[in-house]
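Numbering of the sequence shown is given in UniProt numbering, commencing with residue 6 and proceeding in unit increments.
Quick reminder that beta carbons are idealized off the backbone N, C-alpha and C, glycines included.
Since this is a predicted model, take the numbers as computed values, not measurements.
Report on the following structure.
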Amino acid sequence: THDQTGTLRTPIVAVLGHVDHGKTTLLDKIRGSAVSEGEAGAITQHIGATAVPLDTVSQMAGSLVDPDDFDLPGLLFIDTPGHHSFTTLRSRGGALADIAVLVVDVNDGFQPQTLEAIDILKRTGTPFIVAANKIDTTPGWNPQEGEPIQQTYEAQSKQARQRLDENLYEIIGNLSDEGFSADLYWRVQNFTKNIGVVPLSAMTGEGIPDLLAVLMGLSQRYMKAEMEIDVAGPGKGTVLEVKEERGFGATLDVVLYDGTVREDETIVVGGANSPIVTEVRALLQPRPNAEIRTEKRFDRVDQVSAATGIKIAAPDLEDAMAGAPVRVVRDRDVDEVIEEVQAELAGIEVETEEQGVVVKADTLGSLEAMANALQEAEVPILRAEVGDVAPRDVSIAGTAREDEHKVILGFNVDVLPDAEEDLEDSDVRLFSHDVIYQLVEDYDEFVTERKR
Ligand code: GTP
Ligand code: MG
6 THDQTGTLRT PIVAVLGHVD HGKTTLLDKI RGSAVSEGEA GAITQHIGAT
56 AVPLDTVSQM AGSLVDPDDF DLPGLLFIDT PGHHSFTTLR SRGGALADIA
106 VLVVDVNDGF QPQTLEAIDI LKRTGTPFIV AANKIDTTPG WNPQEGEPIQ
156 QTYEAQSKQA RQRLDENLYE IIGNLSDEGF SADLYWRVQN FTKNIGVVPL
206 SAMTGEGIPD LLAVLMGLSQ RYMKAEMEID VAGPGKGTVL EVKEERGFGA
256 TLDVVLYDGT VREDETIVVG GANSPIVTEV RALLQPRPNA EIRTEKRFDR
306 VDQVSAATGI KIAAPDLEDA MAGAPVRVVR DRDVDEVIEE VQAELAGIEV
356 ETEEQGVVVK ADTLGSLEAM ANALQEAEVP ILRAEVGDVA PRDVSIAGTA
406 REDEHKVILG FNVDVLPDAE EDLEDSDVRL FSHDVIYQLV EDYDEFVTER
456 KR
């Protein structure tokens, strides 16, 4: 069973959309868990990956997905954060994905981040479908738990149906304004030319069978046509998170999007100072339907193939950066692979100026998102780095000429004990938060306060 040459790769499905439109809830419903309840400010701050096997898909989709019709192993869903500061994380989610689900709240309609997501999908040429979510909030709605949309429609009053239709046609109109010919999904013949809109509720599950059926059909066709890829090649992935695990030290949560990685293989990983060359000690796989960010139990495996979320244990991973590339070396020259990793990292550097604030963030993606948010707010950056607040950051911030630049903005990071002391002894201010826009707002308020 280990020879996977010629096997279809698990399609990567990115879930995009405006904040609070229901991306995480939709995935929760599909995998039967409750990740969204445990999130800070209920906003998804990192990209999460969940592998949903074919049997789960067909179980949820009932008669709409017959597993015998498909030779795909399942779907790998990537949840992405919705706040406007997350453009870059999302674009990475978009580029990583084979197909995307754009979640739009039927009552709220198109919002700025919906448009941003569409821009990313256009730019990356990612085929997508629209999940018109929260249909259960339509006034007078009569919910039909977990049913396909046709059955649900039949159970509604004429008024409720009309109200929903009005909202759906508004969404279709908005898509057309963006240059897409769109329609309700059951009227769409060719999903690579026209955008299908699937009305659903992440809360009650109605319409989710339809969404899964469309996703399976679209990926089966799309992947067959375009990517009969060799999943046995050297693995390529992106680091989601660097985490300490008991017994393993620093480990990486990775989305493997191409090829295979095996135990004992040499890998190159993007690090804070330079690329890290190391050897895989253990591959730890979350159970099916488990979210890699929150899962505590893993199965140890000797190799995995794309696409999947996998935890990699290896020596010397302390300096690895979330958002950085991971590459299996295998039969290639190690220097060649190091260069590849360096080239990819060079594409995601933050612009800094001679005067400005110091920014620390937990991942490359969030650092980039912070930089974007600060640029939008016209806040100059002196220095931006991934990692906890260290004494060096305090001394750098302390050299600023203006008081409003004697500032460290920390997103989702800790303060090292020595830095804590240095902060007390200096006039440097630390703002820290795990919600980006809150952090920018807090700083803005401080600057305005001072100008009064
Ligand atoms: P970000 O990760 O912050 O971008 O948000 P999100 O798109 O993941 O939204 P999330 O799933 O956290 O849902 C936001 C809120 O909408 C939560 O309170 C959900 O319970 C609610 N919600 C999501 N889907 C539905 C739905 O279909 N019906 C109803 N009534 N509420 C929903
Ligand atoms: Mg979310």
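Inspect the beta-carbon positions of L220 and L80 and report whether they are closer than 8 Å.
yes
DSSP three-state label for A47, please.
Note that A47 scores 48 on pLDDT, short of 50, meaning its location in the model is unreliable; the coordinates nonetheless yield the value given after this. The answer is helix: DSSP assigns A47 an H, G or I state.
Closest by CA to A237, which one among K163, V333, A287?
V333
Below 7 Å, is the gap between the Cβ of T30 and the nearest heavy atom of ligand 1?
yes
May I ask you to verify whether the segment 169 to 177 touches the segment 132 to 143, counting CB pairs closer than 8 Å and requiring at least 3?
yes
Alpha carbons only, please: which of A66, A102, V418, D304 is nearest the one belonging to I224?
The question names Ile, but residue 224 is Ser in the sequence shown. Residue A102 is the option with its Cα nearest to S224.
Expressed to the nearest angstrom, what Euclidean distance is found between the alpha-carbon atoms of Q9 and S181?
Since pLDDT at Q9 reaches only 43, below the 50 mark, its modelled position is unreliable, and the value read off the structure follows with that caveat. In a straight line, the C-alpha of Q9 is about 41 Å away from that of S181.
Along the chain, where does the beta strand (DSSP E) that runs through V274 open and close?
271 to 274
Is the closest heavy atom of ligand 1 to the C-beta of A318 under 7 Å?
no
For L350 and G275, believed in contact at Cβ under 8 Å, the rounded distance:
5 Å
Extent of the continuous alpha helix (DSSP H) run through I176:
163 to 182
Closer than 7 Å to a non-hydrogen atom of ligand 2 - does that hold for the CB of D84?
yes
Looking at D60 and ligand 1, is the gap between the Cβ and the nearest heavy atom below 7 Å?
no
CA-CA distance, Q50 and N417?
Any reading at Q50 must be qualified, since the residue scores a pLDDT of 48, below 50, and its modelled position is unreliable; no value is offered.
Taking a contact to mean a Cβ-Cβ separation below 8 Å, would you say M375 touches I317 in this structure?
no
Which residue comes first and which comes last in the alpha helix (DSSP H) that contains K316?
No alpha helix (DSSP H) contains K316, which is instead part of the beta strand (DSSP E) from 313 to 318.
N138 beta carbon near ligand 1 (any heavy atom closer than 7 Å)
yes
Any idea what DSSP makes of residue 5, helix, strand or coil?
Past the edges of the chain, shown from 6 to 457, lies residue 5, and the structure says nothing about it.
Residue range of the alpha helix (DSSP H) that includes V399
396 to 403
Kindly list the residues whose CB is nearer than 6 Å to the CB of F115, restricted to its own chain and excluding five residues on each side of it in sequence; keep chain order.
N179
Flag H438 as yes when its Cβ comes closer than 7 Å to any non-hydrogen atom of ligand 4, and as no otherwise.
Absence of ligand 4 from the depicted structure is noted, with ligand 1 and ligand 2 being the only ligands included.
When every heavy atom of ligand 1 is checked, does at least one fall within less than 7 Å of the C-beta of M221?
no
For P280, which three-state DSSP category applies?
coil
Is the distance from the Cβ of V445 to the Cβ of A366 below 8 Å?
no
Taking 7 Å as the cut-off, is the CB of M208 close to at least one heavy atom of ligand 1?
yes
Identify, in the order they occur along the chain, each residue of the same chain with its Cβ nearer than 7 Å to the Cβ of D449, setting aside the five sequence neighbours on each side.
A382
Just confirm the distance between the C-beta atoms of V62 and V135, as a whole number of angstroms; I'd bet it's less than 8 Å.
The pair is not a contact, with the Cβ atoms about 19 Å apart (cut-off 8 Å).
Determine the contact status of I281 and D324, defining contact as a CB-CB distance below 8 Å.
yes
Can you list, in chain order, the residues of its chain whose CB lies under 6 Å from that of H7, leaving out five sequence neighbours each side?
Any answer about H7 is weak, because its pLDDT of 39 lies below 50 and its placement is not dependable; what the coordinates show is given next. Here the set comprises nothing.
Alpha carbon to alpha carbon, how far is R305 from E319? Give it in angstroms, no decimals.
Sequence inspection shows Ala at residue 319; the Glu mentioned does not correspond to that position. A319 and R305: Cα-Cα distance of roughly 14 Å.
With H, G and I counted as helix, E and B as strand and the rest as coil, what does DSSP make of P153?
coil
Cβ of G151 within 8 Å of Cβ of E211?
yes
Where do the ends of the alpha helix (DSSP H) carrying V445 lie?
441 to 456
Where Q155 falls, given that 16 or more other Cβ within 10 Å makes a residue buried:
exposed
Report the residue ranges of all beta strand (DSSP E) runs contained in full by the segment 197 to 255; include only those spanning at least 3 residues, in chain order.
200 to 204, 241 to 250
What does DSSP give as the partner residue(s) for I17 in the beta ladder?
L81
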